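Following: one structure in structure tokens, then a few remarks.
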Amino acid sequence: MSDLRELNWYPLVNSSDLPYRHPYRSKLLGHELVIWRADDGFVNVWLDRCLHRGMRLSRGLINGNEIKCQYHGWHYSNRSGGCTYIPAHPIDSPAQTLSCETFKSIEKYGLVWSGISPRGLVPDLSIESGESIVNLRSMFMRAPASDTTSALMEYEFSPKLKFFVQPLDELTSIVHGLVDNSQNSGDVEDILHYHNDQLVKIRTKVEFSALARPVRVNGLANTKTSDPTTKPASPQFSQSSRLKVKVSRKWITATDIVGVELSPIDFESLPTFLPGAHIDLVLPNGLARQYSLTNGPGELGTYRIGIKREPQSSGGSLFIHDVLDEGDVVEISMPRNNFPLRQDSSRTILIAGGIGVTPLLAMSQVLAKQNLHYELHYFAQSHEHLAFGEITATLENNFISHLGLSPMETMQTIRSVLGAHNTSENVYICGPKPMLDGARDIAQSLEWPDNSVHFEYFKNSNVIHSDSSFIVDLARSALSLTVESGQTILQTLRNNGVAVPSSCEQGACGTCLVRVLEGTPDHQDVYLNESERQRGDQILTCVSRALSEKLTLDI
């Protein structure tokens, strides 16, 4: 038996006691833990506290790859522990820093192993995991782990019998045991009964001994140490960070569309994201392109994106289709979400045109897991042009394809799909510009309010005018800058050392949006809706300009 003080990996629960969608409450070295198995089989070991009000997540609900706190409904993602949804703020993306404390986990020998700062490997028992292993009933001891370990040393051992002690805190512990029955040396039921009886006798002895003397509690929960050799579960980067990933899979998912799967290199899982999010993909040829994530909730082992071959490509899509290969290493940005999904709608309509289906696939899977009312309408030339069939097949009757329609027929169908607006209904549209423009006009004619119509363009097809010159005053930086003809506000800010986040830099994604305090913007983007344009209190600095001589920005 290993010296407890040197054992970094501890068994927490028998795998058979951890069914899908059932949170399990445990404790290790004073830390209260929630353990739960996601639908992808990954076993999560987290601190058993919601970040909001400290409610136990072990009392929460698991919808597959997320766990939901029962108090105020905060959602947390499989693998990363990142907060994915806050009901009180349905249209806001939770900050990347909102993440539960997670611990590494390994499933081996029919047990789930973890540790506060585990180093090295799970102990090698020189036996094969499988049906030959009989996992004994775990036995709770009202005694310190050191006392339990000493008592177990008196047990009649054989090479086929292994015991491990889980220190709950300084006063209590749990014994986990297993028997190698590969030679069928005994009936499983007899083995379980025999060792259970023996452990009960040991428990009686060790608990009586522990009661006979006082135990000083030192507060093990406050003794956590970091291990520089431990591989982090997920990255904790700033929003501007770049992350190296490997192309683990590339496949044809539809005519002229390839799917690309990206796997982490230095981390066990990728950063948490919300449906509608996109990443910047930095290619080996130096180009950076934005692609939406198609993953469902809690799927952080890899990211999946879809790329359509563009005949007029400037090098991005053609490079991915023709050059990028499995095994290549690329860089990606942290996920950004300028197309957030509300999860409090009475009905959600998703309308996709071609490759515009990618962010809506992520939304569909979240809505499906939540058992919310939604429809995904996918417009494409033919069945061969429908991408990611392995995902749409899981959506069952909520997925409706519309194939080979003319532009007029497409608009007629969208009008029929939308109908009159009812309270708390929302529509999300992503596709080519003519389709989006037409759908937005139809929604307006049917009196859908602007805040219920959400859209994302592939790119900005507007003709951008950049021949004007004007002044921008930066209210918080106390700077007054001149935006020259042929130069954007974003370029002017950067040239003067003012950092503004950006992504597509063509007025489509909304990343470079800033508030306007005074002046009249000349909107040339496709991100803002009509009511937002009329308010004139925000501007996309990458393409838009000024109709007035001066703009005062909240920077």
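Taking my numbering, the leading residue of the sequence shown gets 1228, the next gets one more, and so forth.
Beta carbons are placed, not taken as given, at the ideal position from N, Cα and C, and that holds for glycine.
Source: prediction; values computed, not measured.
- In this structure, DSSP gives His1681 an extended state, which the three-state scheme calls strand.
- DSSP, read as helix, strand or coil, puts Arg1369 in coil.
- By the CB criterion at 9 Å, Ser1365 and Val1272 fall outside the cutoff.
- Residue range His1258 to Arg1264 is occupied by the beta strand (DSSP E) that includes Arg1264.
- DSSP places Gln1592 in no beta strand (DSSP E) but in the uninterrupted alpha helix (DSSP H) bounded by Val1584 to Lys1596.
- Ranked by Cα distance from Arg1306, the options Phe1615, Asp1552 and Trp1263 are led by Trp1263.
- Here the stretch 1563 to 1577 does not lie against the stretch 1483 to 1498, with fewer than 3 beta-carbon pairs under 8 Å apart.
- Cys1327 is the residue among Leu1288, Cys1327, Ser1242 and Tyr1312 whose C-alpha sits nearest the C-alpha of Gly1281.
- Between Ser1707 and Ile1698, the C-beta gap is smaller than 9 Å, which places the two residues in contact.
- Secondary structure note for Gln1570: it is in no beta strand (DSSP E), with a DSSP letter that is neither H nor E.
- Taking a C-beta distance under 9 Å as the contact criterion, Asp1507 and Ser1730 qualify as a contact pair.
- Membership of Ala1515 in the beta strand (DSSP E) is indicated by the continuous run Ala1515 to Ser1519.
- For Tyr1530, the enclosing beta strand (DSSP E) begins and ends at Tyr1530 to Lys1535.
- Around the C-beta of Leu1260, 16 or more other C-beta atoms lie within 10 Å, and the residue is accordingly described as buried.
- Around the beta carbon of Asp1493, a 10 Å sphere encloses fewer than 16 other beta carbons of the protein chains shown; the residue is thus reported as exposed.
- Counting along the chain, the unbroken alpha helix (DSSP H) around Thr1719 starts and ends at Ile1716 to Asn1722.
- Pro1491 sits in a strand when the DSSP states are folded into three classes.
- The straight-line gap separating the alpha-carbon atoms of Arg1667 and Asn1723 is approximately 38 Å.
- Using a Cβ distance threshold of 9 Å, Gly1342 and Asn1235 count as a contacting pair.
- Going by C-alpha positions, His1403 is about 16 Å away from Ile1354.
- Judged by DSSP in its simplified three-state form, Glu1623 adopts helix.
- Under the DSSP assignment, Glu1397 falls outside any alpha helix (DSSP H); it carries neither an H nor an E label.
- One thing to note: Ala1370 has its Cβ within 9 Å of the Cβ of Ser1400.
- Cβ atoms of Val1741 and Gln1714 stay farther apart than 8 Å, at about 17 Å.
- When Cβ pairs closer than 8 Å are counted between the two stretches, the stretch 1604 to 1615 is seen to touch the stretch 1626 to 1634, the count reaching three or more.
- By a beta-carbon distance limit of 8 Å, Cys1739 contacts Val1727. Their separation comes to about 6 Å.
- Listed in chain order, the non-local C-beta contacts of Pro1321 below 6 Å within the same chain comprise Cys1310 and Ile1313, local neighbours out to five positions each way being set aside.
- Scanning Leu1395, Val1770, Phe1390 and Phe1435 for the CA closest to the CA of Asn1423 turns up Phe1390.
- Between Ala1670 and Ile1782, the beta carbon gap of about 33 Å keeps them out of contact (Cβ cut-off 8 Å).
- Residue nearest to Gly1581 within the set Leu1599, Leu1630, Arg1469 and Ser1243 is Leu1630 (criterion: CA-CA distance).
- In this chain, the alpha helix (DSSP H) harbouring Asn1423 covers Val1415 to Leu1438.
- With respect to Thr1619, Ala1595 sits apart: the two C-beta atoms are not nearer than 9 Å.
- In this chain, the alpha helix (DSSP H) harbouring Lys1660 covers Lys1660 to Ser1672.
- Per DSSP, the beta bridge partners of Asn1653 are Thr1575.
- As the crow flies, the alpha-carbon of Val1680 is around 27 Å from that of His1610.
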